[in-house]
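With the numbering used here applied, the sequence shown covers 35 to 314.
C-beta: ideal position from N, C-alpha, C; glycine also.
Quick caveat: nothing in here was measured; it's all calculated off a predicted structure.
Encoded as structure tokens, the structure appears first; notes follow it.
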Amino acid sequence: PEIIPKGERNLPGDLDEKIISLYGLGTSYSDIQKHMSDMYGVHVSDGLINSVTDRVIPAIKQWQSRPLERLYCILWMDAMHFKVREDGRVITKAVYTVLGVNCRGEKEVLGLYLGDNESASFWMQVLTDLNQRGVEDVLIASIDNLRGFTDAIESIFPHTEVQLCVIHQIRNTMKYVSWKDNRELMRDLKSVYKAPSIDLAEHNLDLFDEKWRKKYPKVVESWRRNWDRLSNYFKYPEPIRKLVYTTNTVEGYHRMVRKVTKNKGAFTSDMALLKLVYLA
35 PEIIPKGERN
45 LPGDLDEKII
55 SLYGLGTSYS
65 DIQKHMSDMY
75 GVHVSDGLIN
85 SVTDRVIPAI
95 KQWQSRPLER
105 LYCILWMDAM
115 HFKVREDGRV
125 ITKAVYTVLG
135 VNCRGEKEVL
145 GLYLGDNESA
155 SFWMQVLTDL
165 NQRGVEDVLI
175 ASIDNLRGFT
185 DAIESIFPHT
195 EVQLCVIHQI
205 RNTMKYVSWK
215 DNRELMRDLK
225 SVYKAPSIDL
235 AEHNLDLFDE
245 KWRKKYPKVV
255 ESWRRNWDRL
265 SNYFKYPEPI
275 RKLVYTTNTV
285 EGYHRMVRKV
295 TKNKGAFTSD
305 MALLKLVYLA
């Protein structure tokens, strides 16, 4: 009775905040109920927890449409995948993430967008939204090698340098290589992408081509075909190279989010997924 006075129909504001905080840590409804019962002697129903956490929806919508800065130095773009219940079945959906560095050197999540499995056409919608919210130019975009993704970026931000993730390229390469050749081929590849200059990298790529083309023509062709966008990071000094030659930065952010979402099976709705990712 001291926590909830007689006649009151709503929890005090500080308990609402505690429920939202617990939910944002990935705590299940049953665990939230147990915590509230143990700590405060208060029983909260599933419906009450849902109505309390729904109070963040206006904040999500406002955050998703907030104005952005005119220029960003670096953008990392990638997608996370989650299971969501829809029409009585469980399907996989993608949360598209845009992580940027502004001109003050501060990292910022520019947006989270929910769509179907990752595609270049949806990324085009994401980039168009960023442009409409005020982004006029991006210096460097670091992405994986999704078909059509580069063209989507260059159509919205034509002056942006697109850097394909070298680590994704290496992972794709190793799918086609016999385990017997793994170590030797990786040593030769390392001399390419770890070279101190573009001239030496291209010289080592030629040597790699001569040595491995006959045995692994698809691997060599892939590196040749994508080289212009795989090698953009050589234009920059070492500290910037480390930031842009891989999408590890946004993947690190995804790992942080997954610490919160890892105990969830399938989300009950799109908004349930967005609420948790936003709070994380």
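Across the structure, L161 and S303 are spaced so that their CA atoms are roughly 25 angstroms apart.
L109 is bridged by DSSP to G134, A175. In the displayed model, V291 falls within a helix according to three-state DSSP. The Cβ atoms of W110 and G81 lie no closer than 9 angstroms to each other. Residue range 232-246 is occupied by the alpha helix (DSSP H) that includes L239. DSSP lists V118 as the bridge partner or partners of I125. Under DSSP, K141 forms a beta bridge with V135. A residue is called buried once 16 or more other Cβ atoms fall within 10 Å of its Cβ, and D185, having fewer, is exposed. Annotated three-state conformation of E218 is helix, per DSSP. For Y147, the pairing in a beta bridge is given by DSSP as Y130. For L148 against K127, the beta-carbon gap comes to about 6 angstroms, under 8 angstroms, which counts as contact.
Put simply, the region 107-123 does not touch the region 71-81. Fewer than three CB pairs are less than 8 angstroms apart. Across the structure, R138 and K293 are spaced so that their CA atoms are roughly 29 angstroms apart. A distance below 8 angstroms between beta-carbons, with the five flanking residues on each side excluded, links R263 to the following residues of its chain, in chain order: T184, V196, Q197, L198.
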